[in-house]
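A.B. asks: This is the structure I want to talk about, given as structure tokens.
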């Protein structure tokens, strides 16, 4: 595949949300991320250095006419990372069908306007570890295909679906049918709370927590207690860290 000036410009601009939306593509950088996602998304182009290709010869047959072998300097001009990698995959953005029955049989994470790309990527990676296959995010939350998010997922983006939906409308439709576990500083300790195999784990915004319009839908207010109880401590946990601890306790209960 020939790397034209126009193509080079478009790949570089995939670091911006408006261009990802316009082109319907996103990029994935680095050996770990590319090898974990190759075959999971429709490939538009795979750009790599000659050295990288010689270490991964099987990729030639997978990428076929979509392979572009270029110099490290050329590759760095396509990168969104501070430290460019030796390989970049450009994929078409997939269309995920939303199945409303997932709440009846599985645990789902909902993110109330989580803004930081690193947090979203880490939450996706955490969800993957604990077997949570669906995340629902506010439309205003961090973009799944932001290069920083993709990088932070470490390949988990190929196994966890992220759906952007209007959360108040969704929760209204599920009200009285699905347990909703919301994390609060004044909730019941998660270690003594009644948890369930299915339902929604709602995590709030980094600075404001769970919004007022969603609080009314929470059926179980839970908290992760600090130790020793009563001692001075940090004001709160990072949302990605809190998600990991919360999912770990849910899974521990139902091994």
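In this note's numbering, the protein residues as written are 958 to 1212.
Just so you know, even glycine gets a beta-carbon here, dropped at the ideal spot from N, CA and C.
What did DSSP end up calling residue 994 once you bin it into helix, strand or coil?
C.D. replies: Translated into positions along the chain shown, residue 994 becomes position 37. Taken through DSSP and simplified to helix, strand or coil, residue 994 comes out as helix.
A.B. asks: Can you look up residue 1031 in the DSSP assignment and give me helix, strand or coil?
C.D. replies: Within the chain shown, numbered from 1, the residue matching residue 1031 stands at position 74. Of the three classes helix, strand and coil, the one that applies to residue 1031 here is helix, per DSSP.
A.B. asks: In three-state DSSP terms, what is residue 1083?
C.D. replies: Reading the chain shown from its first residue, position 126 is the one you call residue 1083. In the structure shown, residue 1083 sits in a helix (DSSP, three-state: H, G or I).
A.B. asks: Who are the near neighbours of residue 1102 in its chain, counting only those whose CB is closer than 6 Å to its CB and skipping five residues on each side?
C.D. replies: Translated into positions along the chain shown, residue 1102 becomes position 145. Answer for residue 1102: 977, 983, listed in chain order.
A.B. asks: Report the three-state DSSP secondary structure of residue 976 (helix, strand or coil).
C.D. replies: For this step, residue 976 is matched to residue 19 along the chain shown. Here residue 976 sits in helix by DSSP.
A.B. asks: State yes or no: is the C-beta of residue 986 within less than 8 Å of the C-beta of residue 1104?
C.D. replies: One-based indexing of the chain shown puts residue 986 at position 29. One-based indexing of the chain shown puts residue 1104 at position 147. Cβ atoms of residue 986 and residue 1104: closer than 8 Å.
A.B. asks: When the distance is taken between beta carbons, is residue 1125 closer than 8 Å to residue 1176?
C.D. replies: Against the chain shown, residue 1176 aligns to sequence position 219. Against the chain shown, residue 1125 aligns to sequence position 168. Against a cut-off of 8 Å, the Cβ pair of residue 1125 and residue 1176 comes out as no contact.
A.B. asks: Would you please verify whether the beta carbon of residue 1183 is less than 8 Å from any beta carbon of chain C?
C.D. replies: Of the protein chains in the structure, only one exists, and it is not chain C.
A.B. asks: Determine the burial state of residue 1213: buried for a count of at least 16 other Cβ atoms within 10 Å of its Cβ, exposed for fewer.
C.D. replies: The chain is shown from 958 up to 1212; residue 1213 falls before or after that span and cannot be answered.
A.B. asks: Cα separation between residue 1106 and residue 1076?
C.D. replies: Here residue 1106 refers to the residue found at position 149 when the chain shown is read from its first residue. Here residue 1076 refers to the residue found at position 119 when the chain shown is read from its first residue. So the two alpha carbons sit approximately 8 Å from each other.
A.B. asks: How would you write the range of the alpha helix (DSSP H) that residue 1127 sits in, first residue to last?
C.D. replies: On the chain shown, residue 1127 is found 170 positions in, with the first residue counted as 1. Bounds of the alpha helix (DSSP H) holding residue 1127 are 1124–1131.
A.B. asks: Please list, in chain order, all residues of the same chain as residue 1174 whose beta carbon is under 7 Å from its beta carbon, the five residues on each side excluded.
C.D. replies: The residue you call residue 1174 lines up with position 217 of the chain shown. Excluding sequence neighbours, residue 1174 sits near 1128, 1132, 1137.
A.B. asks: Do you know offhand how far residue 1021's Cα is from residue 1183's?
C.D. replies: Looking up residue 1021 in the chain shown gives position 64. Looking up residue 1183 in the chain shown gives position 226. C-alpha separation (whole angstroms): 53 Å.
A.B. asks: Under the rule that 16 or more other beta-carbon atoms within 10 Å means buried, what is residue 1164, buried or exposed?
C.D. replies: Taking the first residue of the chain shown as position 1, residue 1164 is located at position 207. Answer is exposed; the Cβ neighbour count stays below 16.
A.B. asks: Tell me the rounded alpha-carbon separation between residue 1200 and residue 992.
C.D. replies: As a position in the chain shown, residue 1200 is number 243, starting the count at 1. As a position in the chain shown, residue 992 is number 35, starting the count at 1. Taking C-alpha positions only, residue 1200 is separated from residue 992 by approximately 26 Å.
A.B. asks: Can you grab the Cα-Cα spacing for the pair residue 1039 / residue 1017, in whole Å?
C.D. replies: Taking the first residue of the chain shown as position 1, residue 1039 is located at position 82. Taking the first residue of the chain shown as position 1, residue 1017 is located at position 60. Cα to Cα, the separation comes out at about 27 Å.
A.B. asks: Would you check if the distance between the CB atom of residue 1068 and the CB atom of residue 1094 is smaller than 8 Å?
C.D. replies: Counted from its first residue, the chain shown places residue 1068 at position 111. Counted from its first residue, the chain shown places residue 1094 at position 137. Result yes, Cβ atoms of residue 1068 and residue 1094 sit closer than 8 Å.
A.B. asks: Verify whether the separation of the beta carbon atoms of residue 1003 and residue 989 is less than 8 Å.
C.D. replies: For the purposes of this step, residue 1003 is taken as residue 46 along the chain shown, with counting starting at 1. For the purposes of this step, residue 989 is taken as residue 32 along the chain shown, with counting starting at 1. Contact flag unset, no.
A.B. asks: Should residue 1037 go down as buried or exposed, given a rule of 16 or more other Cβ atoms within 10 Å for buried?
C.D. replies: For the purposes of this step, residue 1037 is taken as the residue at position 80 of the chain shown. When all chains shown are included, residue 1037 counts as buried.
A.B. asks: Who are the Cβ neighbours of residue 1033 in its own chain at under 7 Å, not counting the five residues just before and after it?
C.D. replies: Here residue 1033 refers to the residue found at position 76 when the chain shown is read from its first residue. For residue 1033, where only same-chain residues beyond five positions count, the Cβ hits under 7 Å are 1041.
A.B. asks: Do residue 1027 and residue 1241 have their beta-carbon atoms positioned less than 8 Å apart in this structure?
C.D. replies: Past the edges of the chain, shown from 958 to 1212, lies residue 1241, and the structure says nothing about it.
A.B. asks: Let me confirm a value: residue 981 is counted as buried when at least 16 other C-beta atoms fall within 10 Å, else exposed. Which label applies?
C.D. replies: As a working note, residue 981 is residue 24 in the chain shown. Exposed is the call here.
A.B. asks: If we count the other Cβ atoms within 10 Å of its Cβ and call it buried at 16 or more, is residue 1179 buried or exposed?
C.D. replies: To locate residue 1179, count along the chain shown from 1; it is residue 222. It is buried - the Cβ of residue 1179 has at least 16 other Cβ atoms within 10 Å.
A.B. asks: Can you list, in chain order, the residues of its chain with a C-beta nearer than 6 Å to that of residue 1170? Leave out the 5 residues immediately preceding and following it.
C.D. replies: Within the chain shown, residue 1170 is the residue found at index 213, counting from 1. Closer than 6 Å at the Cβ level, and outside the excluded window around residue 1170, lie 1125.
A.B. asks: Go ahead and pull the three-state DSSP assignment for residue 1036.
C.D. replies: Position 79 of the chain shown, counted from the first residue, corresponds to residue 1036. In the three-state reduction of the DSSP assignment, residue 1036 falls in the coil class, being assigned neither a helical nor a strand state.
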